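Chains as they are written, first to last, in full-length UniProt numbering: chain A, 1 to 329; chain B, 1 to 329; chain C, 1 to 329; chain D, 1 to 329. Take a look at the structure set out below.
Protein chains: 4
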Amino acid sequence: MATKKVSRIAVLTSGGDAPGMNAAIRAVVRTAIFNKIEVYGIVRGYSGMIEDDIYKMDSKSVANIIQRGGTILKSARSDEFKTPAGRKKAFNNLKKKEIDGLVVIGGDGSFTGALKLSEEHGIPVIGLPGTIDKDCYGTDSTIGFDTAVNTAVENIDKIRDTADAHDRLFIVEVMGRDAGYIALNAGIATGAETILLPETKTDIESVIIGLKRKERRKKLVNLIVVAEGDELGGASEVAKVVKERLPKIDTRVTILGHIQRGGSPSCCDRLIASRMGYHAVVALNEGKRNVMIGIQNGNIVHVPLEDAISKKNQGIDQELLKISHILSI
Amino acid sequence: MATKKVSRIAVLTSGGDAPGMNAAIRAVVRTAIFNKIEVYGIVRGYSGMIEDDIYKMDSKSVANIIQRGGTILKSARSDEFKTPAGRKKAFNNLKKKEIDGLVVIGGDGSFTGALKLSEEHGIPVIGLPGTIDKDCYGTDSTIGFDTAVNTAVENIDKIRDTADAHDRLFIVEVMGRDAGYIALNAGIATGAETILLPETKTDIESVIIGLKRKERRKKLVNLIVVAEGDELGGASEVAKVVKERLPKIDTRVTILGHIQRGGSPSCCDRLIASRMGYHAVVALNEGKRNVMIGIQNGNIVHVPLEDAISKKNQGIDQELLKISHILSI
Amino acid sequence: MATKKVSRIAVLTSGGDAPGMNAAIRAVVRTAIFNKIEVYGIVRGYSGMIEDDIYKMDSKSVANIIQRGGTILKSARSDEFKTPAGRKKAFNNLKKKEIDGLVVIGGDGSFTGALKLSEEHGIPVIGLPGTIDKDCYGTDSTIGFDTAVNTAVENIDKIRDTADAHDRLFIVEVMGRDAGYIALNAGIATGAETILLPETKTDIESVIIGLKRKERRKKLVNLIVVAEGDELGGASEVAKVVKERLPKIDTRVTILGHIQRGGSPSCCDRLIASRMGYHAVVALNEGKRNVMIGIQNGNIVHVPLEDAISKKNQGIDQELLKISHILSI
Amino acid sequence: MATKKVSRIAVLTSGGDAPGMNAAIRAVVRTAIFNKIEVYGIVRGYSGMIEDDIYKMDSKSVANIIQRGGTILKSARSDEFKTPAGRKKAFNNLKKKEIDGLVVIGGDGSFTGALKLSEEHGIPVIGLPGTIDKDCYGTDSTIGFDTAVNTAVENIDKIRDTADAHDRLFIVEVMGRDAGYIALNAGIATGAETILLPETKTDIESVIIGLKRKERRKKLVNLIVVAEGDELGGASEVAKVVKERLPKIDTRVTILGHIQRGGSPSCCDRLIASRMGYHAVVALNEGKRNVMIGIQNGNIVHVPLEDAISKKNQGIDQELLKISHILSI
């Protein structure tokens with residue numbers, strides 16, 4: 001790193017929080033300091049940028065946070081930042097502090113704002129994919145997904161205990177408004193008989209037929225894992241149909257909800273957050289701008305923010321779906 | 001144990017399952033075998049008794065189950081057992097196998113059935129309090145409570161992470177239809193600002209005033225823990241009122257639900273289940289009948305099933321409620 | 001609390017750290033503030049008192065710590081404090097700040113120092129039993145024990161998995177230099193065939209005979225839980241004897257060690273720490289001095305520090321030992 | 001799967017057990033049944049093959065095991081199988097049952113035996129990499145690694161709590177006789193200042209210099225993570241050197257040991273085990289023989305068993321090591 005391209009950078013977290021965001025902040029801060037780059041933390045995302053809630057960070061600011069859920073920089077929505085006036089106000093606060101590079105940890109909504117800021121005011125921006133849904137183009141991994149899916153699995157295991165004790169059907173809803181990765185992985189890992197995803201059209205008729213067959217075979221324990229964004233409308237809607245059609249089956253609904261966002265990050269999430277945070281600073285320092293740091297086949301890649309925002313992930317692995325059916329017989 | 005009063009006993013689990021039931025079954029089976037008493041397992045509670053779903057157990061039947069949630073004997077509701085005819089049919093199955101003593105692990109509904117069976121057919125019955133709600137007269141501890149409350153605490157900790165990241169108000173519903181023990185203990189242990197219980201009248205007005213005050217002080221992270229049986233009607237109802245009165249606060253609801261029933265039992269639940277299971281067999285062997293094994297001040301007590309069914313627990317510890325208010329300032 | 005007996009107090013943690021110490025600090029600080037008493041934190045126990053490493057705490061100082069292991073006030077050993085000169089120096093630092101009451105969270109070594117400080121310099125002292133070993137006279141519960149024993153149980157469960165897969169004998173050492181509570185409770189909760197405690201003389205001959213019998217019966221999975229303070233000298237010493245006498249058995253040693261001190265405190269530990277911390281301030285405020293806050297049969301008691309230091313706990317519950325033998329057949 | 005190449009297969013686990021082996025067994029069994037192939041379980045690996053401890057499995061044999069640590073088929077070492085006579089005896093037992101395909105879940109030692117069996121007796125063999133060390137050529141993932149490294153991380157987090165409370169140096173030994181993957185990943189994820197691996201020559205002098213520098217800076221909390229196979233000889237040896245050279249530092253050793261082998265498998269391990277188990281049967285059914293199922297860049301690959309045994313993994317990621325140094329400043 002012969003000549004530095006940045007000398008003072010800022011980092012923020014934005015959008016829904018995800019376990020591992022703190023590990024990413026730590027990596028950004030310490031890699032910057034190692035490279036003699038000053039580093040600032042922006043509190044509550046773009047809101048804090050507009051309100052000048054920005055403070056200088058040092059190595060100790062990020063001590064003892066790698067294992068913590070949430071984000072020490074907090075996150076918030078900002079409608080004002082969606083306007084050119086809001087972004088101008090925000091940029092002026094960065095300019096005042098002579099900040100010449102920005103790292104944004106969040107999802108595609110956060111990247112959209114970052115890209116506009118850069119286009120309008122010239123500041124280079126690096127995005128890190130921080131989202132439990134793994135709904136992000138250009139990267140195999142996102143910060144938070146592995147923890148979220150393990151939280152889902154641990155809790156569905158508990159529900160299995162009670163489902164098994166009572167020969168009940170449980171319909172468990174996991175997070176995922178547009179993406180079924182949590183549902184698919186958690187469903188296979190807990191041996192769910194049925195997995196309902198936003199990416200595939202739910203054939204409720206065949207679900208009902210499957211349940212009827214199991215009812216006859218007296219295999220009464222059943223588990224349906226459904227992503228919140230399934231086009232049928234989540235666990236409660238599925239339960240309504242099942243209860244109407246199969247009133248004799250003892251059916252219960254559990255919505256895992258926000259517990260999937262919190263908790264100490266898994267080893268995997270800490271590692272990718274550390275790697276991505278390191279490479280965000282390296283990229284800024286090498287003059288890269290407006291890219292997202294992604295991981296593809298284990299390697300770091302630089303994905304143009306434009307692509308990360310506009311392109312679609314390749315979708316659900318059909319083979320995994322097939323395996324899930326075969327293994328839950 | 002000079003002269004045995006029983007020579008062949010049966011054990012069943014009934015009602016909502018609770019972590020530690022398997023540890024209790026193990027203790028009943030092995031203590032019986034140690035005392036040269038034959039022991040049978042009845043599957044799916046009173047339903048299995050009626051349907052003669054009863055099998056002989058040995059030491060290996062209960063190997064490697066002390067750490068498992070759920071109940072290997074399964075549980076079920078039985079409307080037929082609520083009739084004298086049903087109980088007669090059930091008793092005949094016990095009689096056929098020359099079973100002369102019964103251990104019932106469950107809540108007060110289960111004890112009611114056991115007591116009627118004993119009164120009508122003379123078989124001595126011992127009850128073990130297995131219920132996560134701790135809603136049981138005559139005992140300081142019930143099998144499953146400690147695990148359930150720790151599961152609630154671990155998950156509310158996770159919700160805290162995300163609440164803190166977003167300065168949100170979370171309203172978390174825990175189990176407890178008639179009893180607020182889970183809500184009270186989990187609420188204090190997670191630093192909840194407000195705890196709503198069935199045992200105390202909820203003054204929603206003062207909750208709103210407290211939230212307003214915190215809104216002004218910009219202490220925006222807030223946690224309300226509410227028992228499902230609160231007279232206001234659970235987390236969703238509370239949220240409705242809060243959203244009407246304080247629309248600016250970002251309010252979310254999480255219902256922990258059935259995850260509180262499952263999971264590997266805590267050390268405490270395994271211990272009390274082991275002690276109670278042991279003492280159930282000792283009691284039968286000493287000729288005791290129709291009592292529940294309880295623990296009071298650390299000591300084993302024998303509570304008449306009649307009392308366990310009809311009497312009320314002393315209720316919520318007012319001092320704990322007071323401490324919870326002071327510590328969440 | 002009409003007239004206050006103290007107006008400015010300090011709190012410290014001392015000795016081995018225990019999960020729940022942070023919950024106790026939080027309770028002391030917030031109860032003090034609620035009662036309009038100023039409160040100071042002393043860093044690194046008596047060392048920090050001597051070096052004047054003392055800072056004013058407010059409600060925010062203890063935000064978001066109830067769920068954390070370790071102690072934000074840190075702990076340390078101090079040889080200097082064992083001398084009258086050291087204690088004088090320490091007291092002068094308290095005097096300078098007009099501190100008129102002290103809460104000490106730790107074990108009996110810490111209480112000895114506190115009592116001497118009080119006797120020599122007149123400052124009233126309240127002790128809170130914070131020790132994972134539960135080796136403390138006058139209280140049924142100590143802060144940290146429940147978490148430590150659950151950590152032991154969770155990890156021994158994991159060892160069971162691999163012991164079972166290989167038909168191996170595992171000898172697991174848990175903490176407890178003078179007290180076998182962790183070993184006894186964790187041993188019963190994990191179904192250990194043998195439990196070795198400092199309080200009972202280990203009859204190694206009968207352990208060997210038991211293993212031989214099981215070797216013949218081909219019940220090859222075996223688990224011995226041994227407290228580090230067993231008079232045989234810990235797991236490695238026991239393994240040496242077993243390997244000499246029964247060379248054909250595949251024997252492995254695991255020493256759980258310091259993992260038992262850390263981790264997020266259990267619900268139980270957070271609750272007793274909160275209650276005890278609250279009552280420490282109440283006691284100071286009512287003019288009590290030189291007592292330990294204990295819990296007996298669920299009720300708060302005030303045990304003279306002299307007794308807490310010099311008297312012995314009643315020892316191991318013989319019935320539990322008997323139950324452990326019967327249940328591991 | 002038009003024409004089946006096998007009609008009756010067997011599955012075994014061998015070598016050190018790893019979390020996820022049960023998920024792999026389940027996948028083999030159910031995929032076989034789905035394809036109308038009969039499937040047998042061999043108990044205790046090659047020992048059981050020699051002793052004819054083999055039983056027919058059905059879909060229910062593997063119900064409710066996906067979440068369990070250990071292996072329901074048990075594992076064992078067999079010296080007899082290392083001889084041609086032993087393998088002949090073993091093969092005869094397979095032949096007797098008309099078993100025409102074999103799935104071996106284990107490490108390279110297990111694959112060596114499998115390959116010899118196939119070469120000598122013609123039975124096609126498929127290997128699945130089941131080892132927590134990830135020390136396996138031809139695959140990015142092995143069954144058990146992700147769980148083991150998360151267990152290490154969770155426990156080192158606990159040690160951090162107590163290290164931090166006492167400003168101590170902890171030297172923690174993790175598994176890995178020939179490979180440092182657990183040490184490297186767990187070390188980065190817990191923010192270890194120093195990570196010692198078998199793959200890199202340990203410059204103990206620079207470790208001592210680093211500790212001295214930190215001693216001067218009063219950054220006293222320190223964590224060294226060392227793989228058991230480091231050429232210095234594990235945590236106890238490292239501690240010996242540190243204590244000699246830096247006697248003032250309060251240094252403690254923890255050896256995590258066998259807890260890293262057990263426990264409920266992570267979502268990741270359940271998934272790769274399920275995929276690999278599925279593909280093992282598909283491969284046999286398509287006529288493939290003597291290959292290991294691996295995962296490279298997310299895709300299933302078939303690695304000749306010969307390569308899996310004789311070739312070396314590409315070794316430690318140097319960039320990760322560099323990141324670990326920068327992030328622990």
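Yeah, the Cβ is synthetic: ideal placement off N, Cα and C, and Gly gets one too. All figures in this text were calculated on a predicted structure; none of them were measured in a lab.
{"Item": "Just mark Ala227 (chain A) as buried or exposed, buried being the case when its beta carbon has 16 or more other beta carbons within 10 Å.", "Value": "buried"}
{"Item": "What does a CB cutoff of less than 8 angstroms around Ile50 (chain B) pick up in its chain, not counting 5 residues either side in sequence?", "Value": "Ser78, Glu80, Phe81, Gly86, Lys89, Ala90, Asn93"}
{"Item": "What are the boundary residues of the beta strand (DSSP E) that includes Lys240 (chain B)?", "Value": "Element bounds for Lys240 (chain B): not the beta strand (DSSP E) but the alpha helix (DSSP H), 235 to 245."}
{"Item": "According to DSSP, simplified to helix, strand and coil, what is Gln67 (chain B)?", "Value": "coil"}
{"Item": "Closest by CA to Asp133 (chain A), which one among A:Ile72, A:Gln318, A:Ala18?", "Value": "A:Ala18"}
{"Item": "With a threshold of 7 angstroms, establish whether the CB of Ile42 (chain D) neighbours any heavy atom of the ligand COA.", "Value": "The ligand COA is not part of this structure, which contains no ligands at all."}
{"Item": "If the cut is a Cβ gap below 7 angstroms, which residues of chain B does Cys267 (chain C) touch?", "Value": "Val149, Asn150, Val153, Asn185, Ala186, Ala189"}
{"Item": "Residues bridged to Val253 (chain C) by DSSP?", "Value": "C:Ile171"}
{"Item": "For chain B, find out if any of its Cβ atoms is closer than 8 angstroms to the Cβ of Pro31 (chain C); answer yes or no.", "Value": "It is Thr, not Pro, that sits at residue 31 (chain C) in the sequence shown. Yes, Thr31 (chain C) lies at the interface with chain B (some Cβ there is under 8 angstroms from its Cβ)."}
{"Item": "Is the number of C-beta pairs between the segment 146 to 161 of chain C and the segment 313 to 324 of chain C that are closer than 8 angstroms three or more?", "Value": "no"}
{"Item": "So Pro271 (chain A) contacts chain D; which residues on that side make the cut at Cβ distance below 7 angstroms?", "Value": "Note on residue identity: the sequence assigns Leu, not Pro, to residue 271 (chain A). Simply Asn185, Ile188, Ala189."}
{"Item": "Between the segment 43 to 59 of chain D and chain A, which residues of the former have a C-beta closer than 7 angstroms to a C-beta of the latter?", "Value": "Ser59"}
{"Item": "For Phe34 (chain B), return the contacting residues in chain C, with the cut-off set at a CB-CB distance below 8 angstroms.", "Value": "Ile326, Ile329"}
{"Item": "Going straight from the alpha carbon of Val242 (chain A) to that of Gly229 (chain A), what length do you get?", "Value": "18 angstroms"}
{"Item": "Output yes if chain B places a C-beta closer than 8 angstroms to the C-beta of Ala23 (chain A); else output no.", "Value": "no"}
{"Item": "Leaving aside the five residues before and after Gly101 (chain C) along the sequence, list all residues of the same chain whose C-beta is less than 6 angstroms from its C-beta, in chain order.", "Value": "Val6, Ile9, Pro124, Leu284"}
{"Item": "Run through chain A and tell me which residues come within less than 9 angstroms of Ala235 (chain B), C-beta to C-beta.", "Value": "Under the 9 angstroms cutoff, chain A gives no residues; its nearest Cβ is about 11 angstroms from Ala235 (chain B)."}
{"Item": "Quick one: what's got a C-beta closer than 8 angstroms to Met1 (chain A)'s C-beta in the same chain, skipping five residues either side?", "Value": "Summary for Met1 (chain A): the model assigns pLDDT 44, below 50, so the residue's position carries little reliability; its value from the coordinates is reported in the next sentence. Answer for Met1 (chain A): Asn35, Val282, Asn285, Glu286, listed in chain order."}
{"Item": "Alpha carbon to alpha carbon, how far is Ile37 (chain C) from Ser59 (chain C)? Give it in angstroms, no decimals.", "Value": "12 angstroms"}
{"Item": "Would DSSP call Arg261 (chain B) helix, strand or coil?", "Value": "coil"}
{"Item": "Express the C-alpha separation of Lys312 (chain B) and Glu199 (chain C) in angstroms, rounding to a whole number.", "Value": "40 angstroms"}
{"Item": "When DSSP labels each residue in this structure, what does Ile143 (chain B) get in the three-state scheme?", "Value": "strand"}
{"Item": "Measuring CA to CA, which of C:Asp269, C:Asp161, C:Ile295 is closest to Gly16 (chain D)?", "Value": "C:Asp161"}
{"Item": "Just the Cα atoms here: how many angstroms apart are Leu246 (chain D) and Glu306 (chain C)?", "Value": "39 angstroms"}
{"Item": "Glu98 (chain A) lies in the beta strand (DSSP E); which residues open and close that run?", "Value": "Taken as a continuous stretch (DSSP letters only), Glu98 (chain A) belongs to no beta strand (DSSP E), as it is neither H nor E."}
{"Item": "Just to confirm my understanding: we take residue 389 (chain B), look at its own chain, exclude 5 residues before and 5 after, and list those with CB closer than 6 angstroms. What are they?", "Value": "Absent from the structure is residue 389 (chain B), since the part of chain B shown begins at 1 and ends at 329."}
{"Item": "At 4 residues or longer, and completely inside the segment 254 to 326 of chain C: list those alpha helix (DSSP H) runs for me, N to C.", "Value": "267 to 285, 305 to 310"}
{"Item": "Which runs of the alpha helix (DSSP H), 4 residues or longer, sit entirely within the segment 31 to 85 of chain C?", "Value": "45 to 50"}
{"Item": "Which first and last residues belong to the beta strand (DSSP E) in which Val207 (chain C) is found?", "Value": "Note, Val207 (chain C): premise wrong, no beta strand (DSSP E); alpha helix (DSSP H) at 204 to 216."}
{"Item": "May I have the straight-line CA-CA distance separating Lys240 (chain A) from Leu327 (chain C), to the nearest angstrom?", "Value": "46 angstroms"}
{"Item": "Would you mind reading off the limits of the beta strand (DSSP E) that contains Leu223 (chain D)?", "Value": "222 to 227"}
{"Item": "Just curious, the alpha helix (DSSP H) that Ile188 (chain A) is in, first and last residue?", "Value": "181 to 189"}
{"Item": "Let's test the definition: count the other Cβ atoms within 10 Å of the Cβ of Pro265 (chain C) and tell me whether it reaches 16, buried, or not, exposed.", "Value": "buried"}
{"Item": "If contacts are defined as beta-carbon pairs under 8 angstroms, then Ile126 (chain B) and Asp269 (chain B) qualify, I think. What distance do you get, rounded to the angstrom?", "Value": "Not confirmed; about 19 angstroms, so no contact."}
{"Item": "Taking the straight line between their C-alpha atoms, what separation do you get for Ala27 (chain D) and Met276 (chain D)?", "Value": "8 angstroms"}
{"Item": "Following the continuous beta strand (DSSP E) through Ala18 (chain A), name the residue where it begins and the one where it ends.", "Value": "That residue, Ala18 (chain A), is in no beta strand (DSSP E); it is neither H nor E in DSSP."}
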